[in-house]
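Chemist: Handing you a structure now.
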Amino acid sequence: MSSLDLMKKECFTSGTSSSASLKRRFIKKRRIAPRAQDDADSDCQLCRCSILPLSGSSRTVRRILTACLLSFLALLGSVSIDLSTHFELLHTTEAAYDELTSCRTIAILQLVSKLQKMRRLFTKHTHNETLETSFSEVVFPVFGHFCGEMAIQSNRYGLSCSVELAGFCQEMRRSVQGFLNASLDANSTSENVTSAFSLVIERLLDVWGTVEDTLVKVKQNANWRNVLSARLLITFTELNHQLMDFPLIATHTDFQYKWTYVLSYLSFAKVMTEQLNDCWLENIDLNFNSSQSVKHLYIFDTSLWQLSGAGTVPLSGSHTGIQALTNIQQCLFDSTVPALRLASRSVSSGLSMRICLLAIACLIYPVVMFSFKQMTEWIQNYAQSLKEKTEDLKHQRQLAEDLLHQMLPKSVAKQLRQHKHVEAESYEKVTIFFSDIVGFTSISASCTPLQVVEMLNNLYMCFDTRIDSYDVYKVETIGDAYMVVSGLPERNGDRHADEIAKMALDLVAAVRQVSIPHMPNQRLQLRAGIHTGPCVAGIVGYKMPRYCLFGDTVNTASRMESTSLPQRIHTSSETYLALIKDNAYDLQLRGEIEVKGKGKMNTYWLIGHKNYSVQNDSLVCHWNPNMARKKKTAAGSEVSVGTVS
1 MSSLDLMKKE CFTSGTSSSA SLKRRFIKKR RIAPRAQDDA DSDCQLCRCS
51 ILPLSGSSRT VRRILTACLL SFLALLGSVS IDLSTHFELL HTTEAAYDEL
101 TSCRTIAILQ LVSKLQKMRR LFTKHTHNET LETSFSEVVF PVFGHFCGEM
151 AIQSNRYGLS CSVELAGFCQ EMRRSVQGFL NASLDANSTS ENVTSAFSLV
201 IERLLDVWGT VEDTLVKVKQ NANWRNVLSA RLLITFTELN HQLMDFPLIA
251 THTDFQYKWT YVLSYLSFAK VMTEQLNDCW LENIDLNFNS SQSVKHLYIF
301 DTSLWQLSGA GTVPLSGSHT GIQALTNIQQ CLFDSTVPAL RLASRSVSSG
351 LSMRICLLAI ACLIYPVVMF SFKQMTEWIQ NYAQSLKEKT EDLKHQRQLA
401 EDLLHQMLPK SVAKQLRQHK HVEAESYEKV TIFFSDIVGF TSISASCTPL
451 QVVEMLNNLY MCFDTRIDSY DVYKVETIGD AYMVVSGLPE RNGDRHADEI
501 AKMALDLVAA VRQVSIPHMP NQRLQLRAGI HTGPCVAGIV GYKMPRYCLF
551 GDTVNTASRM ESTSLPQRIH TSSETYLALI KDNAYDLQLR GEIEVKGKGK
601 MNTYWLIGHK NYSVQNDSLV CHWNPNMARK KKTAAGSEVS VGTVS
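Numbering (full-length UniProt numbering), first residue to last: 1 to 645.
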């Protein structure tokens, strides 16, 4: 609590409380003030504690950082899933490429081709003769020969095939040996040997990969369609070799099933695989379907591959058909291998791009998060600073408004703030109060100017605090003169005289308790005058506007004050008539006096209020404002009037 507020409270208490109540309130104030100071200190400490966390650990910043971190984790999760998918795609594409270009595949296909030729030779020259040597002695040297030739070759990575085929040849030899032992009879007839060739070729193709397994992989990766086409084509070529070597095999149910199965899937693969369709069109459709319309060449013609031979001349089991299938196989490998290599590189490039973008995101994201955190903290600090400046501006504006309200009425000040022109206004009835300090000139001469200022400041603080309880407006103070009006700028009906009378009694009683700082044994004395009448009020001045009153009422009120006596309230007859309506005041006739500029006038002394319980120096302290505001309309009431000699 500031010293100004304490002084106001002391002054107000001194004028409105008895000595006993004054002592009790003073002791209570001493007990409460330290606690209030502690509360203020704790509030300040709390404010400081609430501002400091904004430097880096505010809840908003933490929430934003958490959201950024969660978004980064979500990004990593989605990118990880995408990378996993592309890694799987790259793996399956590379596997499809290896399935057609590896040393193992080349060795198997060359072995199949060699065994097909050997089977053809055995079929031509041996017929049903019994062989002197076993089948193993005929076939296994071929395995060793091809494995030896493949060992000196290199794969697509430039590595020797001996690394890839290190255990493959031995494992293949054991697998074929066990398969032959379980499938062949002891007699080595030409038919058994030829069947053994077919079984070994079938076993080698199964080791390379089955059609069923390849169909499953086609569902996972479309690049395996080329591998499926190659398997079907090689299997179909082997069936044609068997049909050419053993025409009677066409009557076997198992062979017919295999033929139909492979042929149906081959027609499906021709539609599904662009490379197979192009090679088939080039080597078969354009050569053997010359009578067919070009627009129907994309249809797979199965009539050329019938086992019965009805209709057109079939290619099944013929040297021409096998040669055409071999050409298609070579064409398919020549076009498929570069396509798979290109697809593998495309997937690898896309994967590399994603990894680079992920690495860049991992590097940039923390920087962005840190920058965003710094920017957010800066914005919050700036907002806090702006808030403090705004509060300070509001405080300064409030001080300016308070100062303006001390100079002008609130209603007038509001119009001026709204840039409105304030017109002068005429009031039919107002009551004006003037007062000054008795002997102010002699008191001022006996002290320093600073003491005069201190004395007036204490007095007017006491007056200003008291008049807030009444419907009055302080017009101005000039030196020791104090001017108050009621009834303007806000009209209050007929209450203006009553409000000024109550205020005047209050101030006259209060001034008795105000001591002179440099004369502690003496008390100030007030001389007051009141007059009621019409006046005009308006704003005067541009740079320093003042709210001024004009009219004869102002002059008459000033004359009432100048002709008054110490500690007396001098009223005009107009004020007397306004006060006797309520029969609430004691008024005493002073008589007819000479008033400068007005001539002779009947005036009165305002003695007190009838509702005061004690008619002494402290009568204002016991005045009940609620009772004072009630109008008493008792009939036959009289006003005590005395004559002052």
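Note that the Cβ used here is the ideal one computed from N, Cα and C, for glycine as well. The structure presented is a predicted model; accordingly, all values stated were derived computationally and were not measured.
1. Tell me the residue span of the beta strand (DSSP E) that contains H570.
2. With which residues is H609 paired in a DSSP beta bridge?
3. For the segment 417-425 and the segment 505-512, state whether three or more C-beta atom pairs, one from each stretch, are separated by less than 8 Å.
4. By DSSP, does F333 sit in helix, in strand, or in coil?
5. Would you call the segment 194-206 and the segment 64-84 touching, i.e. three or more CB-CB distances under 8 Å?
6. Report the option in G178, K117, K502, P489 whose CA atom is closest to the CA atom of E425.
7. Among Q242, L69, Y482, N381, whose alpha-carbon lies nearest the alpha-carbon of L121?
8. Can you tell which of S175, T376, F168, S318 has its C-alpha closest to the C-alpha of C103?
9. CB residue 651 to CB H609, shorter than 8 Å?
10. Taking the alpha-carbon positions, what's the K124 to S303 distance?
11. So, are the CB atoms of S198 and M244 less than 8 Å apart?
12. Whole angstroms are fine: how far does the CA of I478 sit from the CA of C447?
13. On the three-pair Cβ rule with 8 Å, is the segment 91-110 touching the segment 340-355?
14. At which residue ranges does the UniProt domain "Guanylate cyclase" (431-561) contain complete beta strand (DSSP E) runs of 3 or more residues, listed in the order of the chain?
15. Does DSSP put E425 in a helix, in a strand, or in coil?
16. Roughly how far, in whole angstroms, is the beta-carbon of L90 from the beta-carbon of L351, given that I think they are within contact range, below 8 Å?
17. Whose C-alpha, out of L408, D498, S486, R63, is nearest the C-alpha of G541?
18. Do I437 and L526 have their beta-carbon atoms positioned less than 8 Å apart in this structure?
19. So T93 packs on S344, CB below 8 Å; how close in whole Å?
20. With 16 other CB atoms within 10 Å as the buried threshold, where does H570 fall?
21. When burial is assigned at 16 or more other CB atoms within 10 Å of the CB, is R495 buried or exposed?
22. Find the nearest neighbour of S564 within the set N583, Y585, L549, E594, judged by alpha-carbon distance.
23. Do you know offhand how far G321's Cα is from M272's?
24. Whole angstroms are fine: how far does the CA of K429 sit from the CA of S572?
25. Inspect the beta-carbon positions of F143 and R173 and report whether they are closer than 8 Å.
26. Reducing DSSP to helix, strand and coil, say where K600 ends up.
27. Between the Cα of L263 and those of E274, L239, G538, E282, spot the shortest distance and give me the residue it belongs to.
28. Output needed for Q329: all residues of its chain with C-beta closer than 6 Å, excluding positions within five of it in sequence on either side, in chain order.
29. Helix, strand or coil: how does DSSP classify G77 here?
30. To the nearest angstrom, how far is the alpha carbon of V216 from that of C362?
31. Could you say which of K596, L589, G597 lies nearest to T603 if we only look at CA atoms?
32. Can V218 and R231 be called in contact, C-beta distance under 8 Å?
33. Taking Cβ positions, are A557 and F434 nearer each other than 8 Å?
34. Per DSSP, which one or two residues make a beta bridge with E592?
35. From K117, R354, D471, pick the residue whose C-alpha is nearest to that of F87; which is it?
36. Which residues in the same chain as L315 place their Cβ atom closer than 7 Å to its Cβ, once the five residues preceding and following it in sequence are excluded?
Modeler: Looking at the coordinates:
1. Residue 570 sits at position 570 when you count from the first residue of the sequence shown. Run containing H570: 568-572, per the beta strand (DSSP E) assignment.
2. Translated into the one-based positions of the sequence shown, residue 609 becomes position 609. Answer by DSSP bridge pairing, in chain order: Y585.
3. no
4. The count along the sequence shown starts at 1 and reaches residue 333 at position 333. Three-state DSSP puts F333 in a helix.
5. no
6. Position 425 of the sequence shown, counted from the first residue, corresponds to residue 425. When only C-alpha atoms are compared, the closest one is P489.
7. Within the sequence shown, residue 121 is the residue found at index 121, counting from 1. Checked all of Q242, L69, Y482, N381; the closest Cα to L121 is Q242.
8. If you number the sequence shown from 1, residue 103 lands on position 103. The option with the nearest alpha carbon to C103 is F168.
9. Limits of the chain in this structure are 1 at one end and 645 at the other, which puts residue 651 out of reach.
10. Taking the first residue of the sequence shown as position 1, residue 124 is located at position 124. Taking the first residue of the sequence shown as position 1, residue 303 is located at position 303. Whole-angstrom Cα-Cα distance: 28 Å.
11. Taking the sequence shown and counting its residues from 1, the one referred to as residue 198 is at position 198. Taking the sequence shown and counting its residues from 1, the one referred to as residue 244 is at position 244. Result no, Cβ atoms of S198 and M244 do not sit closer than 8 Å.
12. Sequence index remark: in the sequence shown, residue 447 carries index 447 (1-based). Sequence index remark: in the sequence shown, residue 478 carries index 478 (1-based). Distance between the alpha carbons of C447 and I478: 19 Å.
13. yes
14. 473-478, 481-486, 519-523, 526-540, 546-550
15. As a working note, residue 425 is residue 425 in the sequence shown. Of the three classes helix, strand and coil, the one that applies to E425 here is strand, per DSSP.
16. The residue you call residue 90 lines up with position 90 of the sequence shown. The residue you call residue 351 lines up with position 351 of the sequence shown. Going by Cβ atoms, the distance from L90 to L351 rounds to 6 Å, so yes, they are a contact pair.
17. If you number the sequence shown from 1, residue 541 lands on position 541. If we check each option's Cα against that of G541, L408 comes out closest.
18. What you label residue 526 is simply residue 526 of the sequence shown in a count that begins at 1. What you label residue 437 is simply residue 437 of the sequence shown in a count that begins at 1. Yes. Within cutoff.
19. Taking the sequence shown and counting its residues from 1, the one referred to as residue 93 is at position 93. Taking the sequence shown and counting its residues from 1, the one referred to as residue 344 is at position 344. Right, their Cβ atoms sit about 5 Å apart.
20. Residue numbering aside, residue 570 sits at position 570 when the sequence shown is read from its first letter. Flag for H570 reads buried.
21. For the purposes of this step, residue 495 is identified with residue 495 of the sequence shown, where counting begins at 1. Label assigned to R495: buried.
22. Within the sequence shown, the letter at position 564 stands for residue 564. The residue with the shortest Cα to Cα distance from S564 is E594.
23. Here residue 321 is taken as the residue at index 321 of the sequence shown, counted from 1. Here residue 272 is taken as the residue at index 272 of the sequence shown, counted from 1. Going from the Cα of G321 to the Cα of M272 covers about 22 Å.
24. Taking the first residue of the sequence shown as position 1, residue 572 is located at position 572. Taking the first residue of the sequence shown as position 1, residue 429 is located at position 429. Rounded to whole angstroms, S572 to K429 spans 14 Å at the Cα level.
25. Within the sequence shown, the letter at position 143 stands for residue 143. Within the sequence shown, the letter at position 173 stands for residue 173. Closer than 8 Å, so yes.
26. Counting from one through the sequence shown, the residue named residue 600 turns up at place 600. The answer is strand: DSSP assigns K600 an E or B state.
27. In the sequence shown, the residue the question calls residue 263 occupies position 263. Nearest option by C-alpha distance: L239.
28. Sequence index remark: in the sequence shown, residue 329 carries index 329 (1-based). Only L233 meet the Cβ criterion.
29. Here the question's residue 77 lines up with position 77 in the sequence shown. In this structure, G77 counts as helix in the three-state DSSP scheme.
30. Residue numbering aside, residue 216 sits at position 216 when the sequence shown is read from its first letter. Residue numbering aside, residue 362 sits at position 362 when the sequence shown is read from its first letter. If you take the alpha carbons of V216 and C362, they lie about 37 Å apart.
31. Within the sequence shown, numbered from 1, the residue matching residue 603 stands at position 603. Nearest C-alpha to T603: L589.
32. Along the sequence shown, read from residue 1 onward, the residue named residue 218 stands at position 218. Along the sequence shown, read from residue 1 onward, the residue named residue 231 stands at position 231. No, the pair does not count as a contact, with Cβ atoms beyond the cut-off.
33. Taking the sequence shown and counting its residues from 1, one reaches residue 557 at position 557. Taking the sequence shown and counting its residues from 1, one reaches residue 434 at position 434. Cβ atoms of A557 and F434: closer than 8 Å.
34. Sequence index remark: in the sequence shown, residue 592 carries index 592 (1-based). N602.
35. Working through the sequence shown from its first residue, we reach residue 87 at position 87. Among K117, R354, D471, the Cα nearest to that of F87 belongs to R354.
36. Against the sequence shown, residue 315 aligns to sequence position 315. Counting only Cβ-Cβ distances below 7 Å, and skipping sequence neighbours, we find F288, L304, W305, G321, A324.
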